[in-house]
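Take a look at the structure set out below.
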Amino acid sequence: MRTLLNRRALLGRSLAFGAAASLTGCDYDDLKHPDLADRALTAMSRWNDEVQAALFDRHTLAPTFPASAITRPPRFNAFYSIDQAPRVDLATWRLGLTGRIGDKRHWRLAELRALPQESQITRLACVEGWRVVGQWSGVPLGHFLRRVNADLKARYVSFQCADGYYESIDMASALHPQTILALDFLGAPLTAPFGAPVRLRIPTKLGYKNPKSIVALGVTNTFPSGYWVRQGYNWFGGS
Amino acid sequence: MRRYRPIHPLPLRIMHWLNAIAIITLIGSGWEIYDASPFLPFTFPQWATIGQWLGGAIAWHLAAIWLLMLNGLAYLVWGTASGHFRRKLLPVTPRAVLRDIWAALRLHLPHEVGVYNAVQRVLYLGVIALGVLAVLSGLAVWKPVQLWYLSDLFGGFFDSRVVHFVAMAGISGFLIVHVLLVALVPRVLPAMITGGRLPDPLPKITEAAE
Chain A
-16 MRTLLNRRAL LGRSLAFGAA ASLTGCDYDD LKHPDLADRA LTAMSRWNDE VQAALFDRHT
44 LAPTFPASAI TRPPRFNAFY SIDQAPRVDL ATWRLGLTGR IGDKRHWRLA ELRALPQESQ
104 ITRLACVEGW RVVGQWSGVP LGHFLRRVNA DLKARYVSFQ CADGYYESID MASALHPQTI
164 LALDFLGAPL TAPFGAPVRL RIPTKLGYKN PKSIVALGVT NTFPSGYWVR QGYNWFGGS
Chain B
2 MRRYRPIHPL PLRIMHWLNA IAIITLIGSG WEIYDASPFL PFTFPQWATI GQWLGGAIAW
62 HLAAIWLLML NGLAYLVWGT ASGHFRRKLL PVTPRAVLRD IWAALRLHLP HEVGVYNAVQ
122 RVLYLGVIAL GVLAVLSGLA VWKPVQLWYL SDLFGGFFDS RVVHFVAMAG ISGFLIVHVL
182 LVALVPRVLP AMITGGRLPD PLPKITEAAE
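Quick mapping for you: the protein sequence lines, in order, are chains A and B. FYI, the numbering for the first sequence is -16 to 222, going by the numbering used here. FYI, the numbering for the second sequence is 2 to 211, going by the numbering used here.
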């Protein structure tokens, strides 16, 4: 798996045009030694992060849809096939908290359900270009962060998942009213392929910024990156 | 010492080649992005794309777009301020376009050094408009939430993708004609590199195609 991902990871590998071929030629299987094209593209991607942060308006809402627009059956998507989705034991599952958070007590699912819930019918747009409409409900992340006395001036909120996936978002997007820790999907508790027991639902960002089956949430000023971001996707991933 | 007037002034040549790099990178990476979720019954062959995989293609696309936008902006400002647009691209009338198309089809359309015929004018103006359309529809695809007004303008996320694709197709069509004409009249190519030399005094318009 690792080798496959590394091979896919390469930003500027094997350009189609002969004239540009001289830009390549380093060992792309070693991501720790990016070549000139990789470095330039990474720098531009960081610049595009800044531009997206400037474009982001906390009052701009992602479009919402009527129930009739919901995509059925829902579309599964992950870096593995649907039968490999992690089965989380709900009895022992806890949401761990790390970093700049005042109250780091772990949370049980029932405790999350006792918090105020927000429902939304929004569009999940994949970086690949397809999109689906779904209905999610759960705890507004901004409410949760205030509840656990998180440092809202910190730069990032990070997520660790049961399947090894990890992601992170900027604090401004974390506090957006449509950003929720989703517990329900299509009116029922999340199932394993769709991120049970808790996933991030953030309609102001692309699909890969919506991590599933979260086991730990962190607040930090150290750039936490992300599973796909480490392989070349843009970090901000705004929509 | 006498200074010759170039056919293509230096700023125009620099911007032309920067634009060529940006456009080729954007089209090649754009094809790879399209291939990740095609909406027509075909995909672009891998050898014709840039970026190797979706993540690489997006990185190239969103890097090259800055070159295209900054260079394009410089071109629009320079073209307006220097009088290039007014002198070289205008006026363009339907009558003149029809006349020159007819002449071109009979292979009677002369190449006049330093002067754009009506067909060239309408093609250059058209490809500038397509470039603007491609940038705007691309922004709509990139940020359908934050730039919702652009997204709405193009009819939503999917329609923005289609408009963006059509703009690309139009620009690609222009490029094919553009490169084909250079292949037919290869002596115009060095002038876009060295600047060339305008005949002095101003060329007298003749019927002969050399």
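Just so you know, even glycine gets a beta-carbon here, dropped at the ideal spot from N, CA and C.
- With respect to C144 of chain A, S208 of chain A sits apart: the two C-beta atoms are not nearer than 8 Å.
- For the options A:D21, A:L73 and A:A133, the alpha carbon positioned closest to that of T203 of chain A is the one of A:A133.
- For F142 of chain A, the uninterrupted beta strand (DSSP E) run begins and ends at Y139 to C144, by DSSP.
- Taking C-beta atoms as the reference points, L189 of chain A and V110 of chain A count as a pair closer than 8 Å.
- Close CB contacts of R83 of chain A within its chain, under the 6 Å cut and outside five residues either way in sequence, are with D134, A137 and V202 (chain order).
- Assigned with DSSP and collapsed to three states, E33 of chain A falls in helix.
- DSSP places I194 of chain B in the uninterrupted alpha helix (DSSP H) bounded by V189 to T195.
- F168 of chain A counts as buried, since no fewer than 16 other beta carbons sit within 10 angstroms of its beta carbon.
- According to DSSP, P46 of chain B shares a beta bridge with no other residue.
- The beta carbon of L148 of chain B lies closer than 7 Å to those of L140 and A141 in the same chain, with the five residues before and after it left out.
- A Cβ-Cβ contact shorter than 8 Å links I163 of chain A with G121 of chain A.
- Assignment of R114 of chain A by DSSP, reduced to helix, strand and coil, places it in the strand class.
- Of the residues assessed, I177 of chain B falls on the exposed side of the cut-off, its CB having fewer than 16 other CB atoms within 10 angstroms.
- Note that the segment 6 to 15 of chain B does not touch the segment 48 to 60 of chain B; fewer than 3 beta-carbon pairs, one per stretch, sit closer than 8 Å.
- By DSSP's assignment, A133 of chain A forms a beta bridge with A:I84.
- Separation of the CB atoms of G31 of chain B and A49 of chain B is rounded to 11 Å, and the pair is thereby denied contact status at 8 Å.
- For the segment 16 to 34 of chain B, the beta-carbon criterion of a distance under 8 Å to any beta-carbon of chain A is satisfied by I25, G29 and I34.
- Within 7 Å of the CB of E111 of chain A, the CB atoms of chain B belong to A37, S38 and L55, in sequence order along the chain.
- In this structure, H126 of chain A keeps its C-beta atom at 8 Å or more from the C-beta atom of L166 of chain A.
- Taking CB atoms only, F43 of chain B has no neighbour in chain A less than 8 Å away.
- Given a length threshold of 4 residues, each whole run of the alpha helix (DSSP H) inside the segment 87 to 142 of chain B is given here in chain order: 95 to 106.
- Sequence-distant partners of V123 of chain B (beyond 5 residues in either direction) whose C-beta falls short of 7 Å from its own C-beta, in its chain, are V93 and V98.
- Taking C-beta separations shorter than 7 Å and ignoring five residues to either side along the sequence, the partners of T47 of chain A in its chain run Q103, I104 and T105, following chain order.
- Listed in chain order, the non-local C-beta contacts of A168 of chain B below 7 Å within the same chain comprise L131, L134, A135 and S138, local neighbours out to five positions each way being set aside.
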